Amino acid sequence: MTFIREDFREILRLVRPGSRVLDVGCGEGALLDLLAHEKQIDGRGLELSASGVAACMARGLSVVQGDADLDLDHFPDRSFDYAVLSQTLQATRNPRHVLNELLRIAERAIVSFPNFGHWRVRWSLLSRGRMPETKALPLPWWSTPNIHLCTLADFMALTEDLNLRVDACAAFAGKGPARPIDPTKAVENWRAESCLFMLSRNGGPAVREPSPGSGDLFDG
Amino acid sequence: MAALDLITPAGGGTWRFPENEPLRLDSGAVLEGLEIGYQTYGQLNADKSNAILICHALTGDQFVASPHPTTGKPGWWLRMIGPGKPLDPQKHFIICSNVIGGCMGSTGPASINPATGKAYGLSFPVITIADMVRAQAMLVKALGIETLFAVIGGSMGGMQAQQWAVDHPERLFSAVILASASRHSAQNIAFHEVGRQAIMADPDWRGGAYAEHGVQPGKGLAVARMAAHITYLSEPALQRKFGRELKRDGLSWGFDADFQVESYLRHQGASFVDRFDANSYLYITRATDYFDIAAAHGGVLAKAFTGARNVRFCVLSFTSDWLYPTAESRHLVRALTAAGAKAAFVEIESDKGHDAFLLDEPVMDSALAGFLSSAERDRGLA
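Protein chains in written order, with numbering that gives the first Met the number 0: chain A, 0 to 219; chain B, 0 to 381.
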């Protein structure tokens, strides 16, 4: 068995067999491939880099080159069972909009991100007074794609603000296996190096608000 | 060049519409006794599920993988078709037909109008991309194929592939659209108008009746080709290939072809005249100008594709293509997504301009091969 990222393992565990999955920021399609083989999902991907999309296409995956910030708007309401956003939320220009869109397009959103509240990050900032560079956040501030970092507590506040329900939550540290956590506990905001949420919207997925700029793609 | 013939078994010829089945055109006109020139490569399998239709571009033809009967040049997409290549006659039954309005065996303005016994000329009705597809659909049916495994086309061929998905989604398993658009832009129409005006300004055009007078508006057609050819390339590609290189030492201080690029364009124009009919050029450019898929669906492109939810799409564009720029492909892909169709799309880095889809682009090859092999798995062909 080849090496499987721990967060992928957790996603593999959460996703129902045969479901429809959109992987936003799918890279070279490793997760989609895994889900297709292990869970027989009907998968689609969205990826910014041309090389990533080309690799996905060579693997036979249905992936569209596009930008989470711009292209989610074009997906129809409730067209997926799951929308996955793996370690990408912090790199979007408008994470709130992206999260909202994920839960318009899909019944459930599976979102993972590095926790800026992890003790190593806090310690690094406190002791060195410099932007933290850790295993989960390896790049210097001037080259990191992560423009909207948040802590687990920040994320929880956003889910409340958007009226989202947390269906599952797991924490990761190092290469260890996923650990189910109660994200409302303050201690987890220190302990989780990165975390993964499965979310749904209270009262079911929202439907589209008329959005400007969709051109002639939709009515109205 | 004998090796080029080795894609076997090759077949084809001319297919004639049955007597009682005229082609009803978008314009309202009706064409009787229509003929379609076509080529095939490979064999149709027992359950008729391995047929691929290749749609050619503006001045292309059905000789996609065999030598051109007039020029003797190798098939125009030989680099994509052959054993072990993305389109493999050992696996696929590959069909390519000359579009109606064309001049390589399909009925067009140079054909004899049975009603008058003379060449149609300008009495040939204006045709559309949808008309071309209508005729192809008849041919495909006549070949005994209910559902195409794939329809593939670049540029104008990509327009036909889109039209197939819109008009015959149930007869299509997948569609590949390369360097194309869902409508002609003002710039596209403008360039075509330059070409048409060049042809019509040639005194030998004779109001389109040049055949009756035994002449050819060769100069006008050559200029049309020269202008169009520039749009198929890119500034960096032209610069890389020719720069300001001169044909011979020193300037002529006149209007000979001093620069290599002039000589190249003149050659492109002159050799085009040998293989293409001027009136066909008028009709086919017109068909692409009229092309606007959304227009027939209340101006909503996504609506056009709602019937094609089960068709797998592969859309590719090229960074340096300024004739059908990536924005056009992206627009199509967003509509496909909005329609709920299964689409794959990537913009390929290339400085070769619009013609990149005909040239050596390894990323295109691997993307297309990956797309087709996964479609084969889904179709139960692999």
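C-beta: ideal position from N, C-alpha, C; glycine also. Nothing here was measured: the structure is a model prediction, and the numbers come from that model.
Min CB distance residue i to chain B below 8 Å
i	result
Arg82 of chain A	Checking the displayed sequence, the identity of residue 82 of chain A turns out to be Ala instead of Arg. Chain B contact via Cβ: absent.
Leu73 of chain A	The sequence given here has His at residue 73 of chain A, not Leu. Yes, contact with chain B.
Ala67 of chain A	no
Met197 of chain A	no
Ser111 of chain A	no
Ser61 of chain A	yes
Gln64 of chain A	yes
Leu34 of chain A	no
Glu49 of chain A	The residue you asked about is not Glu; residue 49 of chain A is Ala in the sequence shown. By this cut-off, Ala49 of chain A is an interface position.
Met56 of chain A	yes
Val52 of chain A	yes
Arg127 of chain A	no
Ser78 of chain A	yes
Arg43 of chain A	yes
8 Å Cβ cutoff, residue i in contact with chain A
i	result
Arg15 of chain B	no
Ile51 of chain B	no
Phe370 of chain B	yes
Lys351 of chain B	no
Lys341 of chain B	yes
Val150 of chain B	no
Leu3 of chain B	Model confidence at Leu3 of chain B stands at a pLDDT of 42, short of 50, so the residue's coordinates are unreliable; what they give is reported in the following sentence. No, no contact with chain A.
Glu346 of chain B	yes
Val362 of chain B	yes
Arg333 of chain B	yes
Thr336 of chain B	yes
Gly48 of chain B	Rather than Gly, the amino acid found at residue 48 of chain B in this sequence is Ser. No, Ser48 of chain B lies away from the interface with chain A (no Cβ there is under 8 Å from its Cβ).
DSSP three-state assignment for residue i, whether helix, strand or coil
i	result
Gln161 of chain B	helix
Ser154 of chain B	coil
Ser142 of chain A	coil
Ser319 of chain B	coil
Pro108 of chain B	coil
Val125 of chain B	coil
Ile53 of chain B	strand
Ser233 of chain B	coil
Met199 of chain B	helix
Trp14 of chain B	strand
Ala28 of chain B	coil
Ile176 of chain B	strand
Phe148 of chain B	coil
Leu22 of chain B	strand
Arg178 of chain A	strand
Ala208 of chain B	coil
Arg182 of chain B	strand
Ala277 of chain B	helix
Lys117 of chain B	strand
Leu171 of chain B	strand
Ala189 of chain B	helix
Ala381 of chain B	coil
Unbroken beta strand (DSSP E) run spanning residue i, endpoints
i	result
Val23 of chain A	Arg19 to Val23
Ala170 of chain A	Leu163 to Phe171
Arg247 of chain B	No beta strand (DSSP E) holds Arg247 of chain B; DSSP gives it neither H nor E.
Gln89 of chain B	Premise fails: Gln89 of chain B is in no beta strand (DSSP E) and is neither H nor E.
Phe344 of chain B	Lys341 to Ile347
Trp189 of chain A	It is not in any beta strand (DSSP E) - Trp189 of chain A instead sits in the alpha helix (DSSP H) that spans Glu187 to Arg190.
Glu27 of chain A	No beta strand (DSSP E) contains Glu27 of chain A, which DSSP labels as neither H nor E.
Ile109 of chain A	Ala105 to Pro113
Gly36 of chain B	Glu34 to Tyr40
Met197 of chain A	Ser193 to Arg200
Rounded Cβ spacing between residue i and residue j (contact assumed at less than 8 Å)
i	j	result
Gln267 of chain B	Leu245 of chain B	That pair is no contact at about 19 Å.
Gly11 of chain B	Gln42 of chain B	The pair is not a contact, with the Cβ atoms about 13 Å apart (cut-off 8 Å).
Ala174 of chain B	Ala164 of chain B	5 Å
Glu34 of chain B	Ser96 of chain B	Incorrect: roughly 11 Å between the Cβ atoms, too far for contact.
Ser262 of chain B	Lys351 of chain B	Not a contact, Cβ separation roughly 20 Å.
Leu11 of chain A	Leu33 of chain A	6 Å
Extent of the continuous alpha helix (DSSP H) run through residue i
i	result
Gly100 of chain B	Element bounds for Gly100 of chain B: n/a, residue is neither H nor E.
Glu9 of chain A	Glu5 to Leu13
Trp118 of chain A	Trp118 to Arg127
Gly268 of chain B	Gln259 to Arg274
Thr158 of chain A	Leu151 to Asp160
Pro361 of chain B	Pro361 to Arg378
Complete runs of the beta strand (DSSP E) confined to the segment 280 to 339 of chain B [at least 3 residues]: At a cut-off of 3 residues, the continuous stretches assigned as beta strand (DSSP E) that sit fully inside the segment 280 to 339 of chain B are 311 to 317.
Runs of alpha helix (DSSP H) lying entirely within the segment 34 to 100 of chain A, each at least 4 residues, in chain order: 49 to 57 and 67 to 70
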